[in-house]
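S.K.:
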Amino acid sequence: MSTLNEYLGQKRDAVLARNARDPQTLAPVKLRAQVSAEGRSGVRRIRIRDHQVVSDSPADFAGYDLGPSSPELLLGSLGSCLTHIFLIKAAELELPLESLQVEIEGDLDPRGGKPGYEKVPFFPHNIRYTAHIVSPADESAVRAVHEAVEQWCPILNLLKQPQPLEGSVRHTRPAAS
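For the numbering used here, count along the sequence shown from 1 and bump the result up by 33.
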């Protein structure tokens, strides 16, 4: 496979087959991730299925900068999802692509929530993306794909329409020595 357009042919076949499945035979999928903090470094080891990602903090937050921070991973996850959905929708709508790159930016203000800055968000905000598409298609075809991406990207829609989230703590005391 040498070009993105050749890949889009395979993607189209896979998407059409996936979309042809009988919804009555499908069930929701449980997504899982486990994260543990390493001793001495505080590095977070993220395990998802058979994959592992390391997340860390910059030095000014007692980290060793061994991996992206959690807010950076959030932007990366959004970018990955947007890119994937652009590929799916380009394949479905037969939009030829010479190249595709999605840039994600967001703001994170270290003053957020602190005295004098109570109204400044302490979480990533002003999140925005730009999809750089090289295609011989006309503007209306590119716009149709973009509209489909906006409608169908799961992570984009999660961030635009947050879902309820609950948390709990299971406290275990160490065994007596």
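Every residue, glycine too, gets a C-beta built ideally from N, C-alpha and C.
Being a predicted model, the structure only gives us computed values, none of them experimental.
Rounding to the nearest angstrom, what Cα-Cα distance links Lys193 and Leu141 in this structure?
M.R.: Indexing the sequence shown from 1 puts residue 193 at position 160. Indexing the sequence shown from 1 puts residue 141 at position 108. Near 18 Å, if we compare the C-alpha coordinates of Leu141 and Lys193.
S.K.: Between the stretch 119-126 and the stretch 87-106, are three or more C-beta pairs nearer than 8 Å?
M.R.: The stretch 119-126 is not in contact with the stretch 87-106.
S.K.: Is the beta carbon of Ser110 less than 8 Å from the beta carbon of Leu37?
M.R.: Within the sequence shown, residue 110 is the residue found at index 77, counting from 1. Within the sequence shown, residue 37 is the residue found at index 4, counting from 1. Not in contact: Ser110 and Leu37 (Cβ atoms no closer than 8 Å).
S.K.: What are the boundary residues of the beta strand (DSSP E) that Asp142 is part of?
M.R.: The residue you call residue 142 lines up with position 109 of the sequence shown. No beta strand (DSSP E) contains Asp142, which DSSP labels as neither H nor E.
S.K.: Which term fits Pro61, buried or exposed, when burial requires 16 or more other beta carbons within 10 angstroms of its beta carbon?
M.R.: Within the sequence shown, the letter at position 28 stands for residue 61. With fewer than 16 other Cβ atoms within 10 Å, it is exposed.
S.K.: With distances taken from CA atoms, which of Ala66, Gly146 and Ala92 is nearest Asp83?
M.R.: By one-based count along the sequence shown, residue 83 stands at place 50. The shortest C-alpha separation from Asp83 is found at Ala66.
S.K.: Alpha carbons only, please: which of Phe119, Glu136 and Ile137 is nearest the one belonging to Pro129?
M.R.: Translated into the one-based positions of the sequence shown, residue 129 becomes position 96. Of the listed residues, the one whose Cα sits closest to Pro129 is Phe119.
S.K.: Helix, strand or coil: how does DSSP classify Gly163 here?
M.R.: For the purposes of this step, residue 163 is taken as residue 130 along the sequence shown, with counting starting at 1. Strictly speaking, residue 163 in this sequence is Thr, with Gly absent from that position. Of the three classes helix, strand and coil, the one that applies to Thr163 here is strand, per DSSP.
S.K.: In the DSSP assignment, find the alpha helix (DSSP H) that holds Ala50 and state where it starts and stops.
M.R.: Working through the sequence shown from its first residue, we reach residue 50 at position 17. That run of the alpha helix (DSSP H) goes Leu37 to Asn52.
S.K.: Which residue comes first and which comes last in the alpha helix (DSSP H) that contains Gln85?
M.R.: Along the sequence shown, read from residue 1 onward, the residue named residue 85 stands at position 52. Per DSSP, Gln85 belongs to no alpha helix (DSSP H); it is in the beta strand (DSSP E), His84 to Ser88.
S.K.: What does a CB cutoff of less than 6 Å around Gly75 pick up in its chain, not counting 5 residues either side in sequence?
M.R.: Residue numbering aside, residue 75 sits at position 42 when the sequence shown is read from its first letter. So the list is empty, once near-sequence residues are dropped.
S.K.: Which two residues bound the contiguous alpha helix (DSSP H) that contains Gln184?
M.R.: Counted from its first residue, the sequence shown places residue 184 at position 151. Element bounds for Gln184: Glu172 to Trp185.
S.K.: What does the alpha-carbon distance come out to for the pair Glu183 and Ala208?
M.R.: Counted from its first residue, the sequence shown places residue 183 at position 150. Counted from its first residue, the sequence shown places residue 208 at position 175. Spanning the two alpha carbons is a distance of roughly 51 Å.
S.K.: Helix, strand or coil: which one does DSSP assign to Leu111?
M.R.: In the sequence shown, counting from the first residue as 1, residue 111 sits at position 78. Helix at Leu111.
S.K.: Taking Gly72 as the reference, give the member of Asn52, Ala95 and Gln57 with the closest Cα.
M.R.: The residue given as residue 72 occupies position 39 in the sequence shown. Comparing Cα-Cα distances from Gly72 to each of Asn52, Ala95 and Gln57, the minimum goes to Ala95.
S.K.: From the DSSP output, read off the bridge partner residues of Leu133.
M.R.: By 1-based counting over the sequence shown, the position of residue 133 is 100. Ile166.
S.K.: Find out if the Cβ-Cβ distance for the pair Phe155, Gly146 is shorter than 8 Å.
M.R.: On the sequence shown, residue 155 is found 122 positions in, with the first residue counted as 1. On the sequence shown, residue 146 is found 113 positions in, with the first residue counted as 1. Yes, they are a contact pair.
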